[in-house]
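*Asks:* Listed in order, the protein sequences are those of chains F and E. By the count of my numbering, the first sequence reaches residue 352 at its end, each step adding exactly one. By the count of my numbering, the second sequence reaches residue 352 at its end, each step adding exactly one.
There are 2 protein chains.
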Amino acid sequence: MSVLVVGSLALDSIETPFGSVKDAIGGSAVYIATAASYFSSPIRLVGVVGGDFPRAGMALLEEHNIDLDGLEIIPEGRTFRWAGRYRYDLNERDTLSTHLNVFETFDPKVPDSYRRSRIVCLGNIDPQLQLRVLDQVENPQIVVCDTMNYWIERKNAELRSTLKRINILILNESEARLLSNEPNLIKAAKLIRGMGPEVVIIKKGEHGSLLITERIVFSAPAYPMENNFDPTGAGDSFAGGFVGWLARTDDSSEENLKRATIYGSTLASFCIERFGVDGLADLTYLQIQDRFRAFRELSRFDEE
Amino acid sequence: MSVLVVGSLALDSIETPFGSVKDAIGGSAVYIATAASYFSSPIRLVGVVGGDFPRAGMALLEEHNIDLDGLEIIPEGRTFRWAGRYRYDLNERDTLSTHLNVFETFDPKVPDSYRRSRIVCLGNIDPQLQLRVLDQVENPQIVVCDTMNYWIERKNAELRSTLKRINILILNESEARLLSNEPNLIKAAKLIRGMGPEVVIIKKGEHGSLLITERIVFSAPAYPMENNFDPTGAGDSFAGGFVGWLARTDDSSEENLKRATIYGSTLASFCIERFGVDGLADLTYLQIQDRFRAFRELSRFDEE
Chain F
49 MSVLVVGSLA LDSIETPFGS VKDAIGGSAV YIATAASYFS SPIRLVGVVG GDFPRAGMAL
109 LEEHNIDLDG LEIIPEGRTF RWAGRYRYDL NERDTLSTHL NVFETFDPKV PDSYRRSRIV
169 CLGNIDPQLQ LRVLDQVENP QIVVCDTMNY WIERKNAELR STLKRINILI LNESEARLLS
229 NEPNLIKAAK LIRGMGPEVV IIKKGEHGSL LITERIVFSA PAYPMENNFD PTGAGDSFAG
289 GFVGWLARTD DSSEENLKRA TIYGSTLASF CIERFGVDGL ADLTYLQIQD RFRAFRELSR
349 FDEE
Chain E
49 MSVLVVGSLA LDSIETPFGS VKDAIGGSAV YIATAASYFS SPIRLVGVVG GDFPRAGMAL
109 LEEHNIDLDG LEIIPEGRTF RWAGRYRYDL NERDTLSTHL NVFETFDPKV PDSYRRSRIV
169 CLGNIDPQLQ LRVLDQVENP QIVVCDTMNY WIERKNAELR STLKRINILI LNESEARLLS
229 NEPNLIKAAK LIRGMGPEVV IIKKGEHGSL LITERIVFSA PAYPMENNFD PTGAGDSFAG
289 GFVGWLARTD DSSEENLKRA TIYGSTLASF CIERFGVDGL ADLTYLQIQD RFRAFRELSR
349 FDEE
C-alpha cells in the first residue's frame with residue numbers, strides 16, 4: 049500500500065556522551081520514510097529543503113526508493129537546522145539551537161500523484177500544516193500522527209482540530225500527560241482517545257511503549273540496548289516502522305497493530321545504535337525480522 | 049517448600065493524593081510474607097515488634113498461616129514507625145519521619161525450626177543483619193535479597209559482603225544505577241551480577257521490570273492500573289509473590305524465573321490498588337491466576 053509522509057528534512061548537530069556530529073542528515077520525514085521503506089512501496093515524501101541539502105541526503109532517500117515528487121527544493125534557501133545535546137544517561141536532551149530557515153514558510157503541497165495515498169503519516173510539524181496536508185488527500189484509510197510538547201502548548205486549538213481527523217496518535221509519555229493533564233498513562237490515553245484518535249501509542253523510551261485502543265492495552269518492551277549511541281530520530285523511526293508494517297499487510301486489526309508496534313520498536317532500536325540516520329541506512333529485511341523475533345523472546349513466557 | 053522471610057514490621061503513616069492513613073500495618077516482612085503465603089507454606093517470619101503492634105497486625109499474619117516463632121515481641125518497646133508522602137503522580141515520595149524504635153537494636157535470631165528453610169528472602173534491612181541471618185541458616189537452596197539506596201550509600205562494604213552470598217538481587221532502577229555507577233540498565237545488571245548474584249531483577253515501577261541472568265533478558269510489563277492508590281509495599285509484594293512462586297514450584301529454571309517475575313508483578317499490582325496491606329489481605333488464588341493471565345495478554349503478540 050502507498051504511504052504519504054510529511055515532515056521535516058533537517059541538518060542536525062548532535063552531541064552525546066559518546067561523540068558528536070555536525071550537520072548530519074535528519075528530520076522527521078527522513079527517518080519515517082527511510083524506516084517505512086523496508087516494508088512497503090511507494091513511500092511518498094512531502095517536505096522542503098534548501099540548496100545546501102547535501103547530495104548524500106538525496107542519495108539516501110533515492111536508494112530507499114522514496115518518491116520525491118513532493119520534495120520542494122528552494123535553491124537559494126537554507127535547510128532547517130537543529131542542534132541538541134544529550135545528558136549522560138541519554139534520557140534527557142537540551143535543544144541548543146533551532147533555525148527554521150526554509151521551513152519557516154513551508155506550505156506543504158501534495159502532488160496529484162500522491163492524493164490517493166492509502167496511509168498518511170503526519171510527522172511532528174505544526175498541526176496547521178498537518179491539517180493542510182489532510183485537506184489535500186482523498187479519503188485515506190489510516191492517518192497516523194506524531195506531535196510534541198511545543199505544539200501541545202503553543203498550538204493547542206489547532207492540534208485539537210488535527211486530532212479530530214486522525215486515526216492513530218503516537219506521542220511520548222510526557223506529551224501524553226501534558227495533552228491530557230492526567231499523570232496516569234492509562235487514563236491519559238482514554239482522555240486522548242476522546243479527542244479523536246481511536247488508537248493511542250505512548251512511547252516510553254528505554255521502557256518500551258503502550259498501544260491503547262478501545263478494547264486493549266498492549267505493552268511492548270524496549271530492546272535491551274547496551275549500545276545506545278544517539279536517540280535522535282528514534283521516535284520517527286518507530287512511526288516509520290509502524291506505518292511501513294501496516295502498509296505491507298493492509299490489516300488494521302488489533303493483533304496486527306501489536307505487530308506494527310513491535311516493528312516500530314524494532315526500527316527505533318536499529319536507529320539508536322548509530323549516529324543520526326546511519327542506523328537505518330543499510331538494513332536488510334532479514335535483520336529486521338530477526339530483531340522482531342528477539343522482541344518476542346524478550347517478553348514471552350508460558351503459563352506452565 | 050519452606051520460605052524464611054526477614055525484614056521489618058512497621059506502623060506506616062502514608063499520604064497520597066487520594067487520602068491518608070496513620071499507623072497502618074506495614075513493613076517489608078509483613079508484605080513479603082503475606083504475598084508469599086498465597087503460594088506456599090510454611091512461610092516463616094523473623095522480625096521484631098513492640099508492645100504497641102496492633103492485634104489486627106498479628107491477626108493478618110496468623111490468618112495467612114505465617115509461622116511467627118521467629119517474631120520477637122518487646123512488650124515495653126515501640127514498633128518501628130515510618131511516615132511518607134507521595135507526590136501527585138505517585139512516582140516519587142518523600143520520607144517525613146523514621147523512628148527505628150525496637151528495630152534500632154534488632155538482632156535477628158533464627159529459631160532452630162527455621163534453620164533448614166529452603167528459600168531465604170532477605171527484606172530491605174541493614175546488610176549486616178541480612179548477613180547475620182545467613183549465618184544462622186543451613187545451606188539454603190535460594191537466597192533472594194532486596195536493598196535500597198540508603199544501604200548502598202551508607203553500608204556499601206557490608207552490602208558487598210551480602211551480595212557475595214545471595215543468588216537473586218531485587219532492586220529498583222535508581223538503586224541499580226547507584227550500585228553499579230552505570231546509567232545503562234543492561235550494563236548495570238551485568239556489573240551487579242559480577243558482585244555475586246547470578247540473577248538480577250530491576251523493578252521499574254509503572255514500567256514493569258527486567259529479569260537478567262547470564263543468558264537472558266526478560267522484560268515484564270506492568271499491569272495497566274487506573275487505580276493506583278498507594279505504592280507502599282509494592283516492591284515487597286513483588287518479592288513475596290516471586291519467592292512464593294519459586295517455593296510452590298521448586299523450579300529455578302529461567303522459564304520459571306520468568307513466571308515468578310510475573311507472579312511478583314501480579315502481587316504488586318494487587319498491593320497498590322488499596323492502602324497499606326489491604327490490597328494483599330483478602331485475595332484468592334483464582335484472582336491471582338486470573339491476573340497472571342491478564343499479564344500474559346498484555347504483552348502477547350503473534351508473528352503472523
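Glycine is no exception: its CB is placed at the ideal position from the N, C-alpha and C atoms.
When we look at the beta-carbon of residue 92(F) and count the other beta-carbons within 10 Å, is it buried (16 or more) or exposed?
*Replies:* It counts as buried.
*Asks:* Just to confirm, are residue 87(E) and residue 295(E) a CB contact at a threshold of 9 Å?
*Replies:* yes
*Asks:* Tell me whether residue 301(F) is buried or exposed, calling it buried when 16 or more other Cβ atoms sit within 10 Å of its Cβ.
*Replies:* exposed
*Asks:* Using the three-state DSSP reduction, which class does residue 136(E) fall into: helix, strand or coil?
*Replies:* Looking at residue 136(E) - three-state DSSP - the assignment turns out to be coil, as it is neither helix nor strand.
*Asks:* Which residues of chain F have a Cβ atom closer than 7 Å to the Cβ of residue 78(E), listed in chain order?
*Replies:* Going along chain F, no residue has its Cβ under 7 Å from residue 78(E), so there is no contact; the nearest lies around 27 Å.
*Asks:* What residues match up with residue 220(E) in a beta bridge as DSSP calls it?
*Replies:* For residue 220(E), the beta-bridge partners assigned by DSSP are 251(E).
*Asks:* In its own chain, which residues sit with a C-beta less than 8 Å from the C-beta of residue 344(F), not counting the 5 before and 5 after it?
*Replies:* 310
*Asks:* Could you pull out every residue in the same chain whose Cβ sits closer than 6 Å to the Cβ of residue 65(E), ignoring the five residues on either side in sequence?
*Replies:* So the qualifying residues of the chain are 136.
*Asks:* May I have the straight-line CA-CA distance separating residue 217(E) from residue 190(E), to the nearest angstrom?
*Replies:* If I take the Cα positions, the gap works out to 11 Å.
*Asks:* Name the two residues that bound the continuous beta strand (DSSP E) containing residue 141(F).
*Replies:* 141 to 147
*Asks:* Look at residue 291(F) and residue 51(F) and say whether their C-beta atoms are less than 9 Å apart.
*Replies:* yes
*Asks:* For residue 251(F), which residues in chain E fall below 8 Å Cβ to Cβ?
*Replies:* Within 8 Å Cβ-Cβ: nothing; residue 251(F) doesn't reach chain E, min ~12 Å.
*Asks:* For residue 134(E), count neighbouring Cβ atoms within 10 angstroms of its own Cβ and tell me buried if that reaches 16, exposed if not.
*Replies:* buried
*Asks:* Could I get the ranges of all uninterrupted alpha helix (DSSP H) runs contained in the region 290 to 349 of chain E, with 4 residues as the minimum, in chain order?
*Replies:* Taking only runs of at least 4 residues, the alpha helix (DSSP H) segments lying wholly in the region 290 to 349 of chain E are 302 to 319, 326 to 329 and 333 to 347.
*Asks:* If the criterion is Cβ atoms closer than 9 Å, does the pair residue 79(F) and residue 287(F) meet it?
*Replies:* yes
*Asks:* Nearest chain F C-beta to residue 209(E) closer than 9 Å, yes or no?
*Replies:* no
*Asks:* In whole angstroms, what separates the C-alpha of residue 335(F) from that of residue 341(F)?
*Replies:* 10 Å
*Asks:* Our contact map puts residue 57(E) next to residue 97(E) with C-beta atoms below 8 Å; I'd like the distance itself, whole angstroms only.
*Replies:* 5 Å
*Asks:* Between residue 231(F) and chain E, is any beta-carbon pair separated by less than 9 Å?
*Replies:* yes
*Asks:* Just to check my reading of the structure: residue 177(F) and residue 156(F) have Cβ atoms closer than 8 Å, yes? What is that Cβ distance to the nearest angstrom?
*Replies:* Going by Cβ atoms, the distance from residue 177(F) to residue 156(F) rounds to 6 Å, so yes, they are a contact pair.
*Asks:* Which chain F residues are close to residue 234(E), counting only those with a beta carbon under 8 Å from its beta carbon?
*Replies:* 272, 273 and 274
*Asks:* So, is the C-beta of residue 255(F) closer than 9 Å to a C-beta in chain E?
*Replies:* yes
*Asks:* Counting Cβ pairs closer than 8 Å, one from the region 259 to 272 of chain E and one from the region 259 to 278 of chain F, do we hit at least three?
*Replies:* yes
*Asks:* Cβ of residue 61(F) within 9 Å of Cβ of residue 72(F)?
*Replies:* yes
*Asks:* Could you check where the beta strand (DSSP E) with residue 158(E) kicks off and where it finishes?
*Replies:* Careful: residue 158(E) lies outside any beta strand (DSSP E) and carries neither H nor E.
*Asks:* Assuming residue 24(F) and residue 221(F) make a contact with CB atoms under 8 Å, what is their CB distance in whole Å?
*Replies:* Chain F is shown only over 49 to 352; residue 24(F) falls outside these bounds and no answer can be derived.
*Asks:* Taking the alpha carbon of residue 99(E) as the reference point, which residue from 83(E), 109(E) and 127(E) has its own alpha carbon closest?
*Replies:* 127(E)
*Asks:* Which residue's Cα is closest to the Cα of residue 256(E): 161(E), 219(E), 238(E) and 227(E)?
*Replies:* 219(E)
*Asks:* Could you spell out the range, first to last residue, of the alpha helix (DSSP H) harbouring residue 70(F)?
*Replies:* It is not in any alpha helix (DSSP H) - residue 70(F) instead sits in the beta strand (DSSP E) that spans 67 to 74.
*Asks:* On the DSSP bridge assignment, give the partners of residue 61(E) in chain order.
*Replies:* 131(E)
*Asks:* Select from the region 301 to 319 of chain E all residues with a C-beta closer than 9 Å to any C-beta belonging to chain F, and list them in chain order.
*Replies:* Residues of the region 301 to 319 of chain E with a C-beta less than 9 Å from any C-beta of chain F: 303, 306, 307, 309 and 310, listed in chain order.
*Asks:* Rounding to the nearest angstrom, what Cα-Cα distance links residue 122(E) and residue 289(E) in this structure?
*Replies:* 29 Å
*Asks:* Please check the pair residue 247(F) and residue 215(F), which I expect to be a contact at CB under 8 Å, by giving their CB distance rounded to whole angstroms.
*Replies:* 6 Å
*Asks:* Looking at the strands, I want to know which residues DSSP matches up with residue 268(F).
*Replies:* 257(F)
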